[in-house]
Amino acid sequence: MSETFLTPTIKPEDDDIERSLRPRDLGEFVGQERIKEPLDIALQAARGREEALDHVLLVGPPGLGKTSLAFIVRAELGTGIRCIAGPALERKGDMAAILTSLETRDVLFICGGAFDGLDKIIENRTGRRQIGFTKDEVASGVPQQAKHNPYAEVEPDDLLRFGLIPELVGRLPVVVSLETLDEASLVRILVEPKNALSKQYKKLFELEDVRLTFEQEALLAVAQKALKHGTGARGLRAILEDVMRDIMYDLPGRDDVTEVVVTRECILEGRPPLLVTEPQRAKKEA
248 MSETFLTPTI KPEDDDIERS LRPRDLGEFV GQERIKEPLD IALQAARGRE EALDHVLLVG
308 PPGLGKTSLA FIVRAELGTG IRCIAGPALE RKGDMAAILT SLETRDVLFI CGGAFDGLDK
368 IIENRTGRRQ IGFTKDEVAS GVPQQAKHNP YAEVEPDDLL RFGLIPELVG RLPVVVSLET
428 LDEASLVRIL VEPKNALSKQ YKKLFELEDV RLTFEQEALL AVAQKALKHG TGARGLRAIL
488 EDVMRDIMYD LPGRDDVTEV VVTRECILEG RPPLLVTEPQ RAKKEA
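This is how it looks when you write it as structure tokens:
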């Protein structure tokens, strides 16, 4: 058997390749509709070279798209953007350097982090941690909204109580919270963007003259597994890689395979993908 490996273009250790998976503009980004407007406004201000740029702070758990959004802004802006991750914002020793950077003219700053525990601070301020929700709030769907976006009501005082210093909070006037991704959103991420994971895998299999099919139930299973693990969109790639690894190794040495079908059982039970074969089939010449 041939030892050639059908190498995916999505190695975790290759940052340049990982970036290639990200959406390339806000319109292509799946979900997070409520944060696109403030980001677009910040982009317009940066393009217009306004003297006072509104730096942005993205708040939300891992796997919701904070890094992708920052790189979209950088791609659309071209230059003049710096991304600062959450751990740097939370380390006292880094504050002076960050504050000095934020004074730089003509540079838009996109800061972001998970800020673990911030949701509890918000709950304490709103009183919901002790008394829960009122009847009116329950009737209007506030509990579901809070579950979908636990940081939706974040205010500057919450960030101060979390530990950010006033000088930093004052320089980040646009604070945007990200919504958690549900099953439907994760499935859309798998299939809709131009560089979606499912499309990249299908392209790889086309190079071997083999059709790759993901059953809808399989895509739902991938989304469910990512939700169960709490990894969000970031975990989709690892789940698919685990399923596809063996067949991607074997396929270059097979001349009889015409189609590979990924089923729900492949995702949830570890079964190998189904192979549709055709004896005496010759592959296209490279």
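Quick note on numbering: our numbering labels position 80 of the sequence shown as 327, and the sequence is numbered without any gaps.
C-beta atoms are modelled at their ideal positions from N, C-alpha and C, and glycine is treated no differently.
About 5 Å separates the beta carbon of P520 from that of V507, a gap short enough to meet the 8 Å contact definition. Beyond the five residues adjoining it in sequence on each side, E464 comes within less than 8 Å, by CB distance, of T510 and R511 in the same chain, given in chain order.
Rounded to whole angstroms, the separation of the alpha carbons of I357 and E516 is 41 Å. A check of alpha carbon separations from L365 across L346, L407, P526 and S348 identifies L407 as the nearest. Rounded to the nearest whole angstrom, the CA to CA distance from L349 to L498 is 51 Å. Contact between V277 and I436 holds: their C-beta atoms lie close to 5 Å from each other, under 8 Å. In the three-state reduction of the DSSP assignment, T373 falls in the helix class, which pools H, G and I. With a contact defined as Cβ atoms closer than 8 Å, L425 and L311 qualify at about 4 Å. Listed in chain order, the non-local C-beta contacts of P308 below 6 Å within the same chain comprise A361, local neighbours out to five positions each way being set aside. For I288, the closest of L474, V306 and V320 by C-alpha to C-alpha distance is V320.
DSSP links R458 through a beta bridge to E506.
Taking C-beta separations shorter than 8 Å and ignoring five residues to either side along the sequence, the partners of I514 in its chain run A465, A468, V469, K472, I486 and V490, following chain order. Under DSSP, V306 shares a beta bridge with G360 and S424.
Residues of the same chain with a CB within less than 8 Å of the CB of V416, apart from the 5 flanking positions on each side, are P403, L406 and L407 in chain order. By the Cβ neighbour-count rule, A293 is buried, with 16 or more other Cβ atoms within 10 Å of its own. Excluding residues up to 5 positions away in sequence, L273, V303, L316 and V320 lie with their Cβ nearer than 7 Å to the Cβ of L286 in the same chain. Bounds of the alpha helix (DSSP H) holding L487 are L483 to D497.
Contact annotation, T373 with E400: C-beta distance approximately 6 Å; criterion of less than 8 Å satisfied. Following the DSSP letters along the chain, one finds L466 in no beta strand (DSSP E) but inside the alpha helix (DSSP H) bounded by residues Q463 to H476.
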